[in-house]
Ligand code: NAD
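Numbering (the working numbering), first residue to last: 12 to 685.
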């Protein structure tokens, strides 16, 4: 199917959309089998106040669905992820029913019934007769293009496909299909709605299997073809370099063999090479090993499997981009958040280099003729930002950190991408300034990836240089002539907070929380965190002592009371508007970070320092306190920053840092020496 209308611009921050409808009050899910109840649980967890209808044609799935939701809630309570009052609200107002008439007041209906075109058409004809004319109606089909399901509807403009990934209550992505019949307002609303309720929506074109399942289904199908040369475990093992779990392990989890047969048969409309492997029909469960297990895998066999699975991965990736099914940004991102890839396909290609990718594609063409080959030069598939989205609003560039799977944590590459956008537009007269924010409603940025740091523990000079290198973005920000505002939309922790405090001004949502948790790992915030806050907001010194030395989190209100946050607002939309206004207010009035010494009062270190219930290392706390004092006494900002880098180098040589970082990597509580 050709792309007849321009695809909705998806590699943008969906929360910048001003929706033309409110959040729904009543939602129906049609089909309470494997995935329907999971979609229901996600919706009730995100919007506990809604009325939810789970509709099925049989009693049994409805009974199972009710038990499943109760089980999820109980698990969330047991793991202290949900409070009792929310749990009650989540389980309240759910109707498990066989009576379609109950859904008449629904604002949104999501069909998740058996994968069958006539059945889905019948369901939608029935739904359309019951619900109001504005109700949005969607299908969770894994593979069927929207026109085949919805073209007989009286009002197709309010219909589309919203494709979830298992487990749908937790998995972040939802593909929203931008098909010809759907109204732009509906596609735009759904794009906003899913982001607003905690998902990471991706817009794709209306082709068989949409975007991400084209990768997943063919990855699994190719693995099944390889079974004539290798065992299930050998194939899973060889793919572990790229995915957290191999194709057969995942197929078992998802009961996926019939799905691959069905979806690949549909893809055969594009060519016989998509034919499902015959073995998929004769096997119920695969004999797999747990990911990470030891498996005997000779190097030459490993190489052959690797070439073949990469061949299909690259082929599908090139094809998706060449046909405009989705964007490079979303494909790279989606493979990681939906399919368990450790890196996006274009990252794998970049690491390998052009020559190696060409070799794999040539070999793949010989072994599996018919599959798509790249239509553009290698470099054109690499030319995009992996971790940030860049939007424009009233002449202001909005930079959104998009790593919701890691609470928008920073890394060297994220920093480089931010820096490149700032550098690119600093001198552009059409750009008035910048806003930096995080994707979603929960986190601005929850810190920085631990990256190469563990290998530097114990090496003072390397650690000092590491922080100096990491500070490139911040040092550039300090010199910027154009306003830069941090729009803090939730948690701003550690390295994330060190970016926010270097912006010329901070605005925040009321749920924002600010914290330097480094000391709980036996280290300190080395990228200016120990010195910059004191220079910018000296009135907050005693609070900063506690934040840095004792890991104390502060609320948006506390941050606002000391002047660190200029404005607090209720929601994301207001946040961005306020941030854009602040950019305009700051024009020609940017305050640079004060030079000279700062009076920061006394720092008292408790005999047994604690961060909440976590005992801290007295040695580490003393180094942090000394760094703060020396930084405040420094005669210039650059001297103070240097002191901060050195403080980091010193703390990196302590036993506390070694223990803190090891504990973090081993996911345990650190045991610091007294
Ligand atoms: P399933 O077979 O487990 O459940 C389907 C349910 O639909 C059954 O409970 C069945 O009784 C019910 N049903 C059948 N006819 C109905 C009707 N007329 N009205 C109401 N309910 C009816 O299927 P599933 O795995 O939950 O998949 C549902 C849909 O979601 C399919 O289109 C599938 O392709 C898609 N999907 C599934 C997954 C997954 O992980 N299971 C992932 C993405 C998309």
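The beta-carbon is built from N, C-alpha and C at its ideal position, and this holds for glycine as well.
Pairing residue 361 with residue 274, the inter-Cα distance amounts to about 30 Å. DSSP, read as helix, strand or coil, puts residue 120 in strand. For residue 616, there is no enclosing beta strand (DSSP E), as DSSP gives it neither H nor E. In this structure, residue 493 sits near residue 444, with a CB-CB distance shorter than 8 Å. In the structure shown, residue 599 falls within a coil segment according to DSSP collapsed to helix, strand and coil.
The beta carbons of residue 516 and residue 496 sit closer together than 8 Å. The beta carbons of residue 123 and residue 46 sit about 5 Å from each other, so the pair counts as a contact at 8 Å.
According to DSSP, residue 380 shares a beta bridge with no other residue.
Exclusion of residue 106 from the 7 Å shell around the ligand NAD follows from its C-beta lying no nearer than that to any non-hydrogen atom of the ligand. As the crow flies, the alpha-carbon of residue 132 is around 8 Å from that of residue 163. Between the stretch 641-658 and the stretch 509-523, the count of Cβ pairs shorter than 8 Å is below three; the stretches do not touch. About 6 Å separates the CB atoms of residue 186 and residue 223; that is less than 8 Å, so the two are in contact. Positions of the beta strand (DSSP E) runs, each at least 3 residues long and wholly inside the stretch 563-592, are given as 578-580 in order along the chain. For residue 153, the CB falls within less than 7 Å of some heavy atom of the ligand NAD. The Cβ atoms of residue 349 and residue 182 lie closer than 8 Å to each other.
Residue 76 is a Cβ neighbour of residue 48, given a cutoff of 8 Å.
Taking 8 Å as the cut-off, the beta carbon of residue 179 is found closer than this to the beta carbon of residue 50. When only Cα atoms are considered, residue 306 and residue 298 end up about 13 Å apart. Residue 655: member of the alpha helix (DSSP H) spanning 648-662, first to last residue. Collapsing the DSSP output to three states places residue 23 in coil. The beta carbon of residue 244 sits closer than 7 Å to those of 299, 300, 306, all from its chain and outside the five residues before and after it, given in chain order. Proximity of the stretch 129-148 to the stretch 94-105 falls short of the contact definition, fewer than three beta-carbon pairs being nearer than 8 Å.
Between residue 327 and the set 463, 381, 303, 364, the nearest pair of CA atoms involves 381.
Less than 8 Å separates the beta-carbon of residue 539 from that of residue 509.
Counting only runs of at least 4 residues, the stretch 476-518 fully encloses the following alpha helix (DSSP H) elements, listed from N- to C-terminal order: 483-490, 505-511.
For the pair residue 287 and residue 271, the CB atoms are nearer than the 8 Å cut-off. Assigned with DSSP and collapsed to three states, residue 147 falls in strand.
Rounded to whole angstroms, residue 341 and residue 488 show a C-alpha spacing of 28 Å. Shown here, residue 199 sits in a helix according to DSSP, grouped into three states. Using a 10 angstroms sphere on the CB of residue 93, the tally of other CB atoms reaches 16 or more, which defines it as buried. In chain order, 43, 44 place their CB closer than 6 Å to the CB of residue 72, counting only its own chain and leaving out the 5 sequence neighbours on each side.
Distances from the alpha-carbon of residue 190 to those of 175, 208, 221 put 221 closest. Taking 3 residues as the shortest admissible run, the stretch 62-134 contains the following complete beta strand (DSSP E) segments, listed from N- to C-terminal end: 62-66, 105-108, 119-122. Secondary structure of residue 49 (DSSP, three-state): helix. Contiguous alpha helix (DSSP H) elements confined to the stretch 156-220 occur at 157-161, 195-207, taking only those with 4 or more residues.
Shown here, residue 38 sits in a strand according to DSSP, grouped into three states.
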